[in-house]
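In my numbering, the protein residues as written are 1 to 531. Yeah, the Cβ is synthetic: ideal placement off N, Cα and C, and Gly gets one too. First the structure, in the form of structure tokens, and then the observations on it.
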Amino acid sequence: MSASSVNRRRILSLWLPRLPIDRIQRFFGSAGLGKANHEPDIVVIKDNNALVIHALDEAAERLGLYIGQPLANARAMCPDLRVFDADIVADAKTLSDIADWCDRFTPLVALDAPHGLFLDITGCAHLFGGEAALLRTLVRALDRQGFAVSAAIAGTSVCARTLTRQATGTIVADGGEAAAIDPFPVSALGAGEAITTGLRRAGLKTIGDVASRSSHEITARFGARFSTLLAHALGQGDEPINPRKPLPDYIVEKRFAEPIATDTMIAMTLSRLADTLIASMEKQGKGARRLEAAFFRTDGVVRAITVETGRPVTRSAVIDRLFRERLDALADPLDPGFGFDMVRLSASRTEIVVQEQRDFDAHVHDNDEIAALIDRIAARIGGKRVVVHLPQDTHIPERAVLSAPAQHHLAAAMQAEWPARTESEPPLRPLRLFDKPEPIKVPFATVPDGPPHQFTWRRALHAVVRVEGPERIAMEWWQQDGKQLTRDYFRIEDAEGLRFWIFRDGLYEGETFDGEGKPVSPNWYVHGLFA
């Protein structure tokens, strides 16, 4: 490889032409179906109200069957066909799982739907013995997992993709893209049936024939989009691939010649990786806010565990403790199978660590302990279940408080200012507020805006002996469609000493009407209970 090619991108393209049928045969492999008895298998999908072949195995292909062939014609040629219905969602999930497994080679993995992948291996092929060794390792591993695969490496994704369809195993040196694809048919570019037919009618049967024409001529006849596609296939520039996952800020990993499977080895490996990760971040004065541990099994299964923190983490002991909490709390325990041959720890979100003044008057130590406790609880039960409450600038009772994840809003919660309570006065709001007001039955009340004399709630009759109110609250007209009514709230006490917060939903002869426009009595609700 020339010196200039070191700075050029290198793209490895994977194509799994039989992914739908390979997925099914892997699923039924233990039952001895498919290849075991050499009967041809096909997958069919509905196209224009007719079932056509969507995928087929090697045995069916040897019989002359092809993708797009009607099922009726295929059965006429081979009555012993085993037919399966297509499952696009399951195929996409399988491709995604394969992409996760490919993360062991590079974190830059992109989907090439429906049955392909792109791997940006720029600068990392030497870790696997070079591009040729990397290509062989990847293809052999997928073949052992039961997938037919075609692969190629080139300087652009379009060229690599073309080679996987025509010359699997090819590795094109930088600058050799045009010569490598010159003899292939124009259909190999994947430009669509209409453009491929137009090129053939114009006498351009190979990619070399098209490349021999001037670019403005091709653009004028077939459009700028095809002209750009052709240029990328010839190695003249390329669009960046779109990785499935954003590249983490920091990555450390450990590969094993002999797979590990015990909890002790897994914990020890995570601890050592945490030390290395913290050392890398410390050089740039950063701490981790989101961490992910990925465990790669020898059979291709990948399991990822994520933890988040409220403040940037700068100590490996904290990372170690958080992952221990997370692993211990997993509903689906980490299954090593035949062992993990690689463990990766990455920091996908980091922040610059701000040094805080720490003296006897500050509460920094207390805040650190609270944040650490929140992180540990969140690692065990989930971050969304640990919340803080923030005041909202509104007079609507059920909107006055916002529940927010504690890890991300702890500082705001500590600085929040709540309405002060007047000393020697009873509270204006109940200690317990219902998520949804519960209806009550009021036989009669003082009109137009008086309280009830008694009411029935949860099948129990309550006689009113003391009343405070009303407190009139109008709905925010700029945030609702006009259907919400004005409320009159009352703080009442019954004969048993129980105190309720109830309201009348609507004004007498002002907001509540029946279908004929006649005034009706508003409904009453209990919204909370005082201590």
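Kindly indicate which residue of I377, D112, L81 has the alpha-carbon position closest to the one of A92.
Within the sequence shown, the letter at position 92 stands for residue 92. Answer by Cα proximity: D112.
Using 8 angstroms as the cut-off, can you tell me whether the region 6-19 makes contact with the region 129-144, which would need three or more C-beta pairs spanning the two stretches below that distance?
yes
Segment contact, 8 angstroms Cβ cut-off, at least three pairs: the region 256-263 with the region 283-291
no
Would you call the region 46-65 and the region 179-189 touching, i.e. three or more CB-CB distances under 8 angstroms?
no
Pairwise C-alpha distance: G382 and G34
In the sequence shown, residue 34 corresponds to position 34, counting from 1. In the sequence shown, residue 382 corresponds to position 382, counting from 1. Residue confidence is low: G34 scores 43 on pLDDT, short of 50, so the model does not pin down where it sits. Its coordinate-derived value is still stated next. Rounded to the nearest angstrom, the two C-alpha atoms are 43 angstroms apart.
Rounded to the nearest angstrom, what separates S271 and S150 at their Cα positions?
Locating residue 271 in the sequence shown gives position 271, where the first residue counts as 1. Locating residue 150 in the sequence shown gives position 150, where the first residue counts as 1. Rounded to whole angstroms, S271 to S150 spans 38 angstroms at the Cα level.
Under 8 angstroms, with one C-beta from each stretch per pair, do the region 327-345 and the region 296-310 reach the 3-pair mark?
Here the region 327-345 lies against the region 296-310, with 3 or more beta-carbon pairs under 8 angstroms apart.
Could you tell me how far apart the beta carbons of I98 and L119 are, in whole angstroms, since I believe they sit closer than 8 angstroms?
As a first step, residue 98 must be located in the sequence shown, where it is residue number 98. As a first step, residue 119 must be located in the sequence shown, where it is residue number 119. Incorrect: roughly 11 angstroms between the Cβ atoms, too far for contact.
Please report the Cβ distance between R297 and G237, rounded to the nearest whole angstrom; I am assuming they are in contact, meaning their Cβ atoms lie under 8 angstroms.
Residue mapping note: residue 297 aligns to position 297 of the sequence shown, counting from 1. Residue mapping note: residue 237 aligns to position 237 of the sequence shown, counting from 1. Rounded, the Cβ-Cβ distance is 39 angstroms, inconsistent with contact.
To the nearest angstrom, how far is it from the Cα of P519 to the Cα of T512?
Residue mapping note: residue 519 aligns to position 519 of the sequence shown, counting from 1. Residue mapping note: residue 512 aligns to position 512 of the sequence shown, counting from 1. Their Cα atoms are separated by approximately 6 angstroms.
Threshold first: 3 residues or longer. Then list the beta strand (DSSP E) segments lying entirely within the region 272-327, N to C.
286-297, 302-313
Is P427 near F530, with beta carbons less than 8 angstroms apart?
Taking the sequence shown and counting its residues from 1, one reaches residue 427 at position 427. Taking the sequence shown and counting its residues from 1, one reaches residue 530 at position 530. Between P427 and F530, the C-beta spacing is below 8 angstroms.
C124 to E398 span [Cα, whole Å]:
On the sequence shown, position 124 is the one that residue 124 refers to. On the sequence shown, position 398 is the one that residue 398 refers to. Answer to the nearest angstrom: the Cα atoms are 55 angstroms apart.
With a threshold of 16 other CB atoms inside 10 Å of the CB of R458, please say whether the residue is buried or exposed.
Locating residue 458 in the sequence shown gives position 458, where the first residue counts as 1. The residue is exposed, with fewer than 16 neighbouring Cβ atoms inside 10 Å.
Suppose the cutoff is 7 angstroms on Cβ atoms and the five residues either side in sequence are ignored; what does the same chain contact list for E493 look like?
Against the sequence shown, residue 493 aligns to sequence position 493. Taken in chain order, the residues that qualify are V465, R466, R499.
Start and end residues, beta strand (DSSP E) containing M342:
Sequence index remark: in the sequence shown, residue 342 carries index 342 (1-based). 340-352 is the span of the beta strand (DSSP E), which, as asked, contains M342.
Since I believe D249 is in contact with A347 (beta carbons under 8 angstroms), could you give me their beta-carbon distance rounded to a whole number of angstroms?
Taking the first residue of the sequence shown as 1, we reach residue 347 at position 347. Taking the first residue of the sequence shown as 1, we reach residue 249 at position 249. Their Cβ separation, rounded to whole angstroms, is 5 angstroms, which keeps A347 and D249 in contact under 8 angstroms.
Determine whether the beta carbon atoms of T164 and P185 lie at a separation below 8 angstroms.
In the sequence shown, counting from the first residue as 1, residue 164 sits at position 164. In the sequence shown, counting from the first residue as 1, residue 185 sits at position 185. In this structure, T164 lies away from P185, with their beta-carbon atoms at least 8 angstroms apart.
Start and end of the beta strand (DSSP E) containing P437?
Locating residue 437 in the sequence shown gives position 437, where the first residue counts as 1. Where P437 is concerned, the enclosing beta strand (DSSP E) stretches over 432-440.
F592 burial status per 10 Å Cβ neighbour count (16 or more: buried)
Residue numbering for the chain in the displayed model covers 1 to 531; residue 592 lies beyond these limits and cannot be assessed.
T446 to L402, Cα distance in whole Å?
The sequence position of residue 446 within the sequence shown is 446, counting from 1. The sequence position of residue 402 within the sequence shown is 402, counting from 1. Per the coordinates, the alpha-carbon of T446 lies some 35 angstroms from the alpha-carbon of L402.
Where does I153 fall in DSSP's three states?
By one-based count along the sequence shown, residue 153 stands at place 153. Three-state result, I153: strand.
My parser needs the beta strand (DSSP E) runs of 3 or more residues fully inside the region 232-275; what are they?
Contiguous beta strand (DSSP E) elements confined to the region 232-275 occur at 250-260, taking only those with 3 or more residues.
Identify whether A404 lies in helix, strand or coil by the three-state DSSP scheme.
Sequence index remark: in the sequence shown, residue 404 carries index 404 (1-based). Three-state DSSP puts A404 in a strand.
Bounding residues of the beta strand (DSSP E) (the contiguous stretch that carries D120):
By 1-based counting over the sequence shown, the position of residue 120 is 120. Looking at the DSSP string, the run of the beta strand (DSSP E) that includes D120 is 116-120.
In terms of residue numbering, what span does the beta strand (DSSP E) encompassing W15 cover?
Walking along the sequence shown from the start, residue 15 turns up at place 15. Taken as a continuous stretch (DSSP letters only), the beta strand (DSSP E) holding W15 covers 11-15.
Residues bridged to T456 by DSSP?
In the sequence shown, residue 456 corresponds to position 456, counting from 1. Beta-bridge pairing links T456 to K441, L461.
Hey, which unbroken runs of the alpha helix (DSSP H) at 4 residues or more fall wholly within the region 185-223?
193-201, 207-211, 215-222
So P20 is in the alpha helix (DSSP H); what residue range does that whole segment cover?
For the purposes of this step, residue 20 is identified with residue 20 of the sequence shown, where counting begins at 1. First-last of the alpha helix (DSSP H) with P20: 19-27.
DSSP on A110, reduced to helix/strand/coil?
As a first step, residue 110 is located in the sequence shown; it is residue number 110 there, counting from the start. Of the three classes helix, strand and coil, the one that applies to A110 here is strand, per DSSP.
For the candidate residues A74, A72, I67, P40, whose alpha-carbon lies nearest to that of E58?
In the sequence shown, residue 58 corresponds to position 58, counting from 1. It is P40.
What residue range is occupied by the uninterrupted alpha helix (DSSP H) comprising A537?
Residue 537 falls outside the range modelled here, since the chain spans only 1 to 531, and no answer is possible.
If you draw a straight line from the alpha carbon of L273 to that of L291, how long is it in whole angstroms?
On the sequence shown, residue 273 is found 273 positions in, with the first residue counted as 1. On the sequence shown, residue 291 is found 291 positions in, with the first residue counted as 1. Taking the straight line joining both Cα atoms gives about 12 angstroms.
Can you give the Cα-Cα distance for I251 and L135, rounded to whole angstroms?
Residue numbering aside, residue 251 sits at position 251 when the sequence shown is read from its first letter. Residue numbering aside, residue 135 sits at position 135 when the sequence shown is read from its first letter. If you take the alpha carbons of I251 and L135, they lie about 23 angstroms apart.
Per DSSP, the bridge partner or partners of F500:
The residue you call residue 500 lines up with position 500 of the sequence shown. Note: F500 sits in a beta bridge opposite I492, L529.
Given this structure, state the Cα-to-Cα distance separating R26 from S212, to the nearest angstrom.
The residue you call residue 26 lines up with position 26 of the sequence shown. The residue you call residue 212 lines up with position 212 of the sequence shown. Straight-line Cα distance between these residues: approximately 45 angstroms.
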